[in-house]
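The structure appears below as structure tokens.
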Amino acid sequence: RNLHFLALLTSISLSSISSFFLLFVFQWNNVTPPPPLSCSSDDEEVLFISSAVYGRGDNTTCSSGRSASELGNVNCSTLCSLCVHRCNGKSSCIVGGFNLMFGDPCVGTYKYLDVSYTCQSRCVTCERTLAELKCDDGQQLIIHGATYGRGDNTTCSSGRSASELGNVNCSTLCSLCVHRCNGKSSCIIEGFNLMFGDPCVGTYKYLDVSYTCIYDDMVLSVYDAFYGRRDNTTCALGRSSADLYSLTSLCVHRCNGKNSCLILGFNSKFGDPCAGIYKYLDVLFFCKGKKLL
Numbered sequence: 001r002n003l004h005f006l007a008l009l010t011s012i013s014l015s016s017i018s019s020f021f022l023l024f025v026f027q028w029n030n031v032t033p034p035p036p037l038s039c040s041s042d043d044e045e046v047l048f049i050s051s052a053v054y055g056r057g058d059n060t061t062c063s064s065g066r067s068a069s070e071l072g073n074v075n076c077s078t079l080c081s082l083c084v085h086r087c088n089g090k091s092s093c094i095v096g097g098f099n100l101m102f103g104d105p106c107v108g109t110y111k112y113l114d115v116s117y118t119c120q121s122r123c124v125t126c127e128r129t130l131a132e133l134k135c136d137d138g139q140q141l142i143i144h145g146a147t148y149g150r151g152d153n154t155t156c157s158s159g160r161s162a163s164e165l166g167n168v169n170c171s172t173l174c175s176l177c178v179h180r181c182n183g184k185s186s187c188i189i190e191g192f193n194l195m196f197g198d199p200c201v202g203t204y205k206y207l208d209v210s211y212t213c214i215y216d217d218m219v220l221s222v223y224d225a226f227y228g229r230r231d232n233t234t235c236a237l238g239r240s241s242a243d244l245y246s247l248t249s250l251c252v253h254r255c256n257g258k259n260s261c262l263i264l265g266f267n268s269k270f271g272d273p274c275a276g277i278y279k280y281l282d283v284l285f286f287c288k289g290k291k292l293l
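Under my numbering, the residue at position 142 of the sequence shown is numbered 142, and the numbers go up by one with no gaps.
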């Protein structure tokens, strides 16, 4: 097993590390049972998978005891969207049976799973109560996700009837949380049904918010951006390195050095790499102190 931390933040003091985005990269081979991806054990932090790739991208990772033929194909990989669906929003997650789960992108090559993730704070608030998000002095909120509804029958279930807990496919995204809370040191949210609407009348609901606290003097630094779909049949292929560099540089100019950044109108800004295909913008970034700029 090869385990390492991606050292993007080496010049930041250790005392501030827990208060902004950390990017962890874990790699496992396809034989050794992997340890769980995990955050704090008290469910106050949840996983957010930023990337998961299965295959081989170099000839040194997970190479001990392997033959040259097992390590030679370094252009062999498949994206693992199942990791996102299985792990996002949980405090811990175990992923196993790589070939069965992801398929074998290169038979005969010794492969590994490479997962990048962050741990985000989580605040779950039951219906008809107040949600309070709060950072320490000198820090500000960054909201990563907020949903209102019900996704299981155990959260906020005390004293509730079966009929109030039965609908577990009931939720709505809460963009107002972002507008109300981002950039503030604390934020109170109330009147959930009035603010977000009632996605399932008769079901007892809760607000589930994931967020991080960053220092006021932390700013964005974008190091990669992709617009399209990353698979072998749509628009990940056939794009030149110059196209991809141009896309990254646009995000860099728009976002670097700011506390937060909003990017809209993807096709008009980046061009349409595959008309008729539903696309997404995938940006990798970290937060660093202004003194490092």
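The beta-carbon is built from N, C-alpha and C at its ideal position, and this holds for glycine as well.
Within the same chain, Cβ atoms closer than 8 Å to the Cβ of H144 are found at F48, Q120, S210, Y211, T212, the five residues on either side in sequence being excluded.
Fully enclosed alpha helix (DSSP H) runs of no fewer than 4 residues occupy 192-196 of the stretch 177-231, in order along the chain.
With at least 16 other beta carbons inside 10 angstroms of its own, D208 counts as buried. Between G149 and K205, the C-beta spacing is below 8 Å.
At a Cβ-Cβ threshold of 8 Å, S186 and L264 do not count as neighbours.
A distance below 8 Å between beta-carbons, with the five flanking residues on each side excluded, links R254 to the following residues of its chain, in chain order: C261, I263.
Residue pairing of I277 in beta bridges, as defined by DSSP: absent, with no partner found. Boundaries of the beta strand (DSSP E) around E45: 45-56. As the crow flies, the alpha-carbon of C123 is around 27 Å from that of S221. Nearest Cα to M101 within the set L113, K90, I188, N73: L113. Taking all protein chains shown into account, Y280 has fewer than 16 neighbouring C-beta atoms within 10 Å of its C-beta and is therefore exposed. Rounded to the nearest whole angstrom, the C-alpha separation of A131 and E45 is 16 Å.
CA-to-CA, the gap between G271 and L284 works out to about 19 Å.
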